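A.B. asks: Chains as they are written, first to last, in the working numbering: chain A, 128 to 323; chain B, 128 to 323.
I have a structure I would like to understand better, so I am pasting it below and will then ask my questions one at a time.
There are 2 protein chains.
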Amino acid sequence: MAAALRVIEEEGVGVLTMRRLAREVGSTAMALYHHVRDKEELLLLLLDDYAAGLPRPELPEEPRERVVAAAMAMHEAVSGCPWAVDVLRADDLMSVGALWYPERIVDAAVRAGLTMEEAVDAYRIIWHYTAGEIGGRAAARRRREEGRPTHRERVFAELDAEEFPRLSQVAARWEELTVRDTYGKGVRALVHGLLP
Amino acid sequence: MAAALRVIEEEGVGVLTMRRLAREVGSTAMALYHHVRDKEELLLLLLDDYAAGLPRPELPEEPRERVVAAAMAMHEAVSGCPWAVDVLRADDLMSVGALWYPERIVDAAVRAGLTMEEAVDAYRIIWHYTAGEIGGRAAARRRREEGRPTHRERVFAELDAEEFPRLSQVAARWEELTVRDTYGKGVRALVHGLLP
DNA sequence: ATGCATTTTTATACATGTATAGAAACTAGC
DNA sequence: GCTAGTTTCTATACATGTATAAAAATGCAT
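See the structure below:
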């Protein structure tokens, strides 16, 4: 795990292969499979460690603000973790070390007056939004790094202004409009719409 | 494209490999690369065709209801497309054939009183939520099909009731609580929070 | 028809995750 | 110290996406 972490931090998650990690610890790739089920589990364990070591921010008392703050902390935590993206789609709970976030969110939602069922719904909806936002941004960044042409360019190039007036209107500014961080805006909207 | 579509529909997206597709059309894997940049582009083209052929549902006039309806139609469209999941994270626009959805959403948002910038934000936030929801559900299904133990089980097994009272409280019912479709609830919340 | 340039296809190769089979190292009981 | 069983590791193999280089096919001007 330490070796894996070192490789990731020094050279990026892209170069962490099973063979590379094996070489790093003086073993063979398949030997690693005695300790982890597959590569995803390895990354999950790393994520877990990472999450467990995160500082837990002070949260406001007011329930709605509390949910927003917890969600934004969760978002920030995952954003700062380059290998999280490959694991995120795994489930609706991130990892053991990161249970702190759902616990706070569900709790605050209940305190805001939601039933337990509603609170779980609220958490999962917030989580899906979070995962989607991070996944999208990570994919975009990766694409940019690899120099691949964004799909968007092609889309906007052959845009029919008759059929899609609104999109044509913003086509030129899309890039500019979409680099801004709108995560907070989204969570706030969700909290506004989900909590009484 | 037709061959790829046939393979996917008959045997699932999992068996569509470049070599298999090549065999299907009596060629070699690398020959395909003259027509598509990579496998992702192939899937994107398929998705595009699929999206272009979708029926465009009648939408309510009232702007907020219109956004909700368009979003739900978009969600349903993507859900019904098994190979969409592998492409979705690509960007914040799905594909040319699916531009109908963002166009309606942005337009309705503007008609509801948002500025163009705000409308684009709203669309992207809804899109991220949609992508996250579908990605998560697809991952869960795949995991179930492969018989892999869900990460969640392990998480809940070693849950400390002292530290995570709320989560412990729902641990046993998590499965039951999370099979329900809460997408609509989420979009409604977003629309409620984003549109004036 | 012929020679050249461009398009399209093949052959081969590599890195990757991981399955399988078996070897080696270790542990417990005597 | 020896044996049987278990844990851990190694060797090899395969399917996959795709890079690279070369071959073949095609189109075009003469």
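Built from N, CA and C at the ideal position, the CB exists for glycine as well.
As the structure is a prediction and not an experimental result, all values here were calculated from the model.
Give the straight-line distance between the Cα atoms of A:Leu-215 and A:Ala-258, rounded to the nearest whole angstrom.
C.D. replies: Cα-Cα distance, rounded: 7 Å.
A.B. asks: Ordered along the chain, which non-local residues of its own chain (more than five positions away) have a Cβ less than 7 Å from that of A:Leu-317?
C.D. replies: Cβ within range, chain order: Ile-252, Ile-253, Tyr-256.
A.B. asks: Check whether the Cβ atoms of B:Asp-165 and B:Ser-222 lie closer than 7 Å to each other.
C.D. replies: Their beta carbons are not under 7 Å apart, which means B:Asp-165 does not touch B:Ser-222 by this criterion.
A.B. asks: Can you tell me where the alpha helix (DSSP H) with A:Met-199 in it begins and where it stops?
C.D. replies: Its alpha helix (DSSP H) spans residues 190-206.
A.B. asks: Please name the residues in the segment 309-321 of chain A whose beta-carbon is closer than 7 Å to at least one beta-carbon of chain B, in chain order.
C.D. replies: Against chain B - using a Cβ distance shorter than 7 Å - the residues of the segment 309-321 of chain A are Thr-309, Lys-312, Gly-313, Arg-315, Ala-316, Leu-317, His-319, Gly-320, Leu-321.
A.B. asks: Which whole-angstrom value describes the C-beta separation of A:Ala-130 and A:Val-163, a residue pair presumed to lie in contact below a C-beta threshold of 8 Å?
C.D. replies: That pair is no contact at about 13 Å.
A.B. asks: Between A:Ala-249 and the rest of its own chain, which residues show a CB-CB distance below 6 Å, the 5 nearest in sequence each way excluded?
C.D. replies: Answer for A:Ala-249: Ala-236, Leu-321, listed in chain order.
A.B. asks: Would A:Ile-135 pass as an interface residue toward chain B - the criterion being a Cβ-Cβ separation below 7 Å?
C.D. replies: No, its Cβ sits nowhere closer than 7 Å to a Cβ of chain B.
A.B. asks: What residues from the segment 228-239 of chain A come within 8 Å of chain B, judged by C-beta to C-beta, listed N to C?
C.D. replies: Cβ contacts with chain B come from Pro-229, Glu-230, Val-233, Asp-234, Val-237.
A.B. asks: Roughly how many angstroms lie between the CA atoms of B:Glu-230 and B:Ala-197, to the nearest whole one?
C.D. replies: Looking at the two C-alpha atoms, the distance is approximately 10 Å.
A.B. asks: Tell me, to the nearest whole angstrom, how far the beta carbon of A:Pro-323 is from that of A:Ala-246; I am working on the premise that it is less than 8 Å.
C.D. replies: 12 Å between Cβ atoms; not a contact.
A.B. asks: Taking the runs of the alpha helix (DSSP H) that are 4 residues or longer, which of them lie wholly in the segment 258-316 of chain A?
C.D. replies: With a minimum length of 4 residues, the continuous alpha helix (DSSP H) runs that stay inside the segment 258-316 of chain A are 278-284, 292-298, 301-306.
A.B. asks: For A:Leu-172, I'd like the list of residues in its chain whose CB is within less than 8 Å of its CB, leaving aside the five on either flank, ordered along the chain.
C.D. replies: For A:Leu-172, where only same-chain residues beyond five positions count, the Cβ hits under 8 Å are Met-128, Val-163.
A.B. asks: Round the Cβ separation of A:Leu-220 and B:Arg-279 to the nearest angstrom and send it over; I've been treating them as touching at under 8 Å.
C.D. replies: The Cβ separation is near 6 Å, so the contact holds.
A.B. asks: Assuming contact is defined by CB atoms lying nearer than 7 Å, are B:Ala-299 and B:Leu-286 in contact in what I supplied?
C.D. replies: The answer is no: Cβ separation not under 7 Å.
A.B. asks: How would you call B:Arg-269, buried or exposed, if buried means at least 16 neighbouring beta carbons within 10 angstroms?
C.D. replies: When all chains shown are included, B:Arg-269 counts as exposed.
A.B. asks: If you count every other CB in all the chains shown that lies within 10 Å of the CB of B:Thr-309, and 16 or more means buried, which is it?
C.D. replies: With 16 or more Cβ atoms within 10 Å of its Cβ, B:Thr-309 is classed as buried.
A.B. asks: At the level of alpha carbons, what is the spacing between B:Val-140 and A:Leu-169?
C.D. replies: About 26 Å.
A.B. asks: What is the DSSP secondary structure of A:Pro-318, counted as helix, strand or coil?
C.D. replies: Residue identity differs from the one stated: residue 318 of chain A is Val in this sequence, not Pro. A:Val-318: helix per DSSP, three-state reduction.
A.B. asks: Report the option in B:Gly-224, B:Glu-290, B:Leu-159 whose CA atom is closest to the CA atom of A:Glu-290.
C.D. replies: Nearest option by C-alpha distance: B:Gly-224.
A.B. asks: Buried or exposed for A:Glu-137, going by 16 or more other Cβ atoms inside 10 Å?
C.D. replies: The residue is exposed, with fewer than 16 neighbouring Cβ atoms inside 10 Å.
A.B. asks: Helix, strand or coil for A:Leu-159? Go by DSSP, reduced to three states.
C.D. replies: Three-state result, A:Leu-159: helix.
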